[in-house]
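Q: Let me give you the structure first, and then I'll get to my questions.
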Amino acid sequence: MKLHQWHYFHLFLEDRIYFAPLGVGVHFFHSNHLIINLSSNDKQRYNRQITLQNFGESAQQKLLLAKVLVIGAGGLGCPALQYLAAAGVGTIGIVDDDTVSLSNLHRQILYSTNDIGLPKAQRASEVLKLLNPDIIIKSFPYRLINTNAFELIRNYDIIIDGTDNFASRYLINDACVLLKKPLIYGSIYQFEGQVAVFNVQDENNSPSANYRDLFPQQPNESEVLNCSEAGVIGVLPGIIGTMMANECIKLITGIGNFLINKLLIYNTLTNQIFEMDITPKEETLHLIPANEAAFRSTEYSFSCESAHSFEDVGITDFLKLMKEEDTVVVDVREVGEKPVITSFEHINIPMSKLKTLKLDIPQKNILVFCHAGVRSVDAALFLSNGNNKVYNLKGGIVRYNIQ
Amino acid sequence: MAIEIKAFGLLADITGSDFSVIEQRDTDSLRQLLAERYPALSTIHYAIAIDKKIVSGNTLINETSSVALLPPFSGG
């Protein structure tokens with residue numbers, strides 16, 4: 001679909017709201033008085049894209065004026081963020097409540113080994129500021145939930161969904177529909193990726209298809225296959241995240257065609273690309289909360305990903321993670337087991353009592369260990385509730401010379 | 404006549420990525436047949452595309468139609 005058919009979107013400049021025709025865009029709207037003049041530094045930094053036919057300085061100005069919110073700074077978010085920051089999207093928000101793990105690094109290429117245990121939103125923001133200090137980057141190191149989604153999404157022109165669970169995806173979709181925000185969707189499974197651009201308003205203020213036109217209902221817990229770590233080759237989110245950034249840049253600048261009312265599927269093994277048409281449906285709107293108040297009281301069950309998720313870590317990460325804020329170390333050995341650990345702070349909740357105590361451990365990060373790393377797996381599964389992050393010391397304390 | 408079907412994502416893990424079934428008149432009967440042949444499918448939500456268009460509700464399938472089964476992915 002050519003963009004001129006989808007040409008109104010909200011452009012936020014400082015605290016003033018303009019309705020700028022997208023595509024013909026900012027340049028048209030401010031044709032007699034450009035808000036942003038490109039500095040000589042801008043002209044050099046963005047030279048290779050400004051030089052492109054159909055791009056030019058006006059497209060660069062649109063990018064610099066745009067505000068994009070990237071939700072999830074993981075496999076999809078990292079490459080999307082890098083290209084958007086490099087291209088000069090003027091304001092980028094990053095939402096992620098997670099911390100960097102060793103097993104992230106094969107695909108989450110903004111982070112390095114030294115970043116393990118650090119908050120992703122903060123680290124991504126620091127790395128991107130080095131890449132491009134001329135743009136505004138804001139980090140929100142917490143989870144997007146129904147009580148904060150409106151405040152965050154409202155301030156941005158385009159939303160990018162790089163999350164890794166269905167609850168977030170449905171929540172983001174519904175918020176974007178209610179707030180009339182274009183949503184760039186990407187998702188991966190093993191060797192396949194999906195990309196689409198949802199919810200772009202046309203000239204009559206009718207929205208294009210959204211996620212619920214494709215998959216009306218949030219999958220239930222029995223489909224945990226999706227949530228479990230099915231494995232992924234690192235370049236796949238690299239490709240899909242880059243496609244998402246590409247759609248975003250085209251949408252802002254108004255060049256090319258878009259995946260509006262379309263789902264693109266890419267397979268890394270076969271190099272096949274499929275495009276499917278999606279039709280926006282009246283009945284889909286009934287599945288979306290009617291307004292902000294209804295949205296705020298909607299339960300987007302995060303239970304799918306909370307289903308027994310914990311991470312195995314070695315002793316180096318274990319000792320590093322315990323220094324994080326809001327962290328508790330739990331010894332699940334029975335009273336009297338040796339060695340007695342005195343070198344780090346911990347609490348002791350014997351496995352024999354753990355399940356009967358109905359504990360509510362308030363800390364966000366929970367590190368569990370036992371003698372040989374068997375009971376602690378059981379404990380980690382039990383303590384994981386979807387809102388916390390649970391780590392298991394693999395192999396148990398016996399493998400290490402620690403007292 | 405058989406209809407050729409292409410399955411994506413985890414559905415392909417269950418059915419194989421390309422397979423065929425004896426001709427079915429519509430998407431409801433196709434879903435039913437697939438659930439019988441592959442019981443694991445009955446617990447998974449998926450969309451059906453006919454001739455590269457995602458369809459909703461019960462939709463007729465022509466004998467020359469290409470059919471695709473699309474599950475939602477959540478990975479990121």
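Listed in order, the protein sequences are those of chains A and B. Under our numbering, the first residue of the first sequence is numbered 1, with each subsequent residue one higher. Under our numbering, the first residue of the second sequence is numbered 404, with each subsequent residue one higher. Every residue, glycine too, gets a C-beta built ideally from N, C-alpha and C.
1. Could you check if residue 371(A) is buried or exposed, using at least 16 other CB atoms within 10 Å of its CB as the buried criterion?
2. Could you tell me whether the Cβ of residue 475(B) comes closer than 8 angstroms to any Cβ of chain A?
3. Would you call residue 360(A) buried or exposed, if buried means 16 or more other Cβ atoms sit within 10 Å of its Cβ?
4. Is the separation between the beta-carbon of residue 456(B) and that of residue 157(A) shorter than 8 angstroms?
5. Would residue 95(A) and residue 117(A) be called neighbours here (beta carbons separated by less than 8 angstroms)?
6. Do residue 211(A) and residue 173(A) have their beta-carbon atoms positioned less than 8 angstroms apart in this structure?
7. Just checking: is the beta-carbon of residue 471(B) within a distance shorter than 8 angstroms of some beta-carbon in chain D?
8. Which of the three DSSP states, helix, strand or coil, is assigned to residue 189(A)?
9. Taking only the alpha-carbon atoms, compute the straight-line gap between residue 227(A) and residue 282(A) and give it to the nearest angstrom.
10. Just verifying my parser: in three-state terms, what is the DSSP assignment at residue 22(A)?
11. Give the single residue among 292(A), 390(A), 107(A) and 355(A) whose Cα lies nearest to the Cα of residue 188(A).
12. In terms of residues, what are the limits of the alpha helix (DSSP H) holding residue 439(B)?
13. Thinking C-alpha only, which one of 163(A), 152(A), 190(A) and 329(A) is nearest residue 181(A)?
14. Rounded to whole angstroms, what's the CA-CA distance from residue 465(A) to residue 301(A)? Just pull it up for me.
15. Kindly list the residues whose CB is nearer than 8 angstroms to the CB of residue 483(A), restricted to its own chain and excluding five residues on each side of it in sequence; keep chain order.
16. Under DSSP, the beta strand (DSSP E) around residue 250(A) begins and ends at which residues?
17. How far does the alpha helix (DSSP H) with residue 80(A) in it reach, from first residue to last?
18. For the candidate residues 237(A), 383(A) and 247(A), whose alpha-carbon lies nearest to that of residue 68(A)?
19. Check the Cβ of residue 452(B) against every Cβ in chain A and list those closer than 7 angstroms, keeping chain order.
20. Report the rounded CA-to-CA distance for residue 379(A) versus residue 349(A), giving the unit in angstroms.
21. Give a yes or no on whether 8 angstroms exceeds the smallest Cβ distance from residue 400(A) to chain B.
22. Can you say whether residue 421(B) is buried or exposed, counting buried as having 16 or more other CB atoms within 10 angstroms of its CB?
23. For residue 404(A), I'd like the list of residues in its chain whose CB is within less than 6 angstroms of its CB, leaving aside the five on either flank, ordered along the chain.
24. Please list the partners that residue 411(B) has in chain A, where partner means a Cβ-to-Cβ separation under 7 angstroms.
25. Taking the runs of the beta strand (DSSP E) that are 3 residues or longer, which of them lie wholly in the segment 139-176 of chain A?
26. Can you tell me where the alpha helix (DSSP H) with residue 327(A) in it begins and where it stops?
27. Considering only the alpha carbon of each residue, which of 48(A), 239(A), 381(A) and 374(A) lies closest to residue 397(A)?
28. Quick check: what's the CA-CA separation for residue 85(A) versus residue 138(A)?
29. Are the C-beta atoms of residue 445(B) and some chain A residue less than 8 angstroms apart?
30. Would residue 475(B) pass as a contact of residue 219(A) if the rule is Cβ separation under 8 angstroms?
31. Short of 8 angstroms in beta carbon distance, which residues of its chain neighbour residue 145(A), apart from the five on each side in sequence? Order them along the chain.
32. In the structure shown, what three-state DSSP assignment does residue 274(A) receive?
33. Any beta carbon from chain B within less than 8 angstroms of residue 100(A)'s own beta carbon?
34. So, with DSSP's three-state summary, where would you put residue 421(B)?
35. Against chain A, with Cβ distances strictly below 8 angstroms, would residue 468(B) count as a contact?
36. Just confirm the distance between the C-beta atoms of residue 255(A) and residue 59(A), as a whole number of angstroms; I'd bet it's less than 8 angstroms.
A: Reading it off the structure:
1. buried
2. yes
3. exposed
4. no
5. no
6. yes
7. The structure shown contains no chain D; its protein chains are A and B.
8. strand
9. Its pLDDT being 40, under 50, residue 227(A) is placed unreliably by the model, and the measurement read from it follows with that caveat. Taking the straight line from one Cα to the other gives about 29 angstroms.
10. With a pLDDT of 44 at residue 22(A), under the threshold of 50, the predicted position of this residue should be treated as unreliable, though the coordinate-derived value follows. In the structure shown, residue 22(A) sits in coil (DSSP, three-state: anything other than H, G, I, E or B).
11. 107(A)
12. 430-440
13. 152(A)
14. The requested residue 465(A) is not part of the displayed model; chain A covers only 1 to 403.
15. The question about residue 483(A) has no answer, for chain A in this structure spans 1 to 403.
16. No beta strand (DSSP E) holds residue 250(A); the alpha helix (DSSP H) holding it covers 235-253.
17. 77-87
18. 247(A)
19. 276
20. 10 angstroms
21. no
22. exposed
23. Since the first residue shown for chain A is 1 and the last is 403, residue 404(A) is missing from the structure and cannot be characterised.
24. 192 and 265
25. 158-161
26. From DSSP, residue 327(A) is part of no alpha helix (DSSP H) but of the beta strand (DSSP E) over 327-331.
27. 374(A)
28. 12 angstroms
29. no
30. yes
31. 171 and 300
32. strand
33. no
34. strand
35. no
36. 7 angstroms
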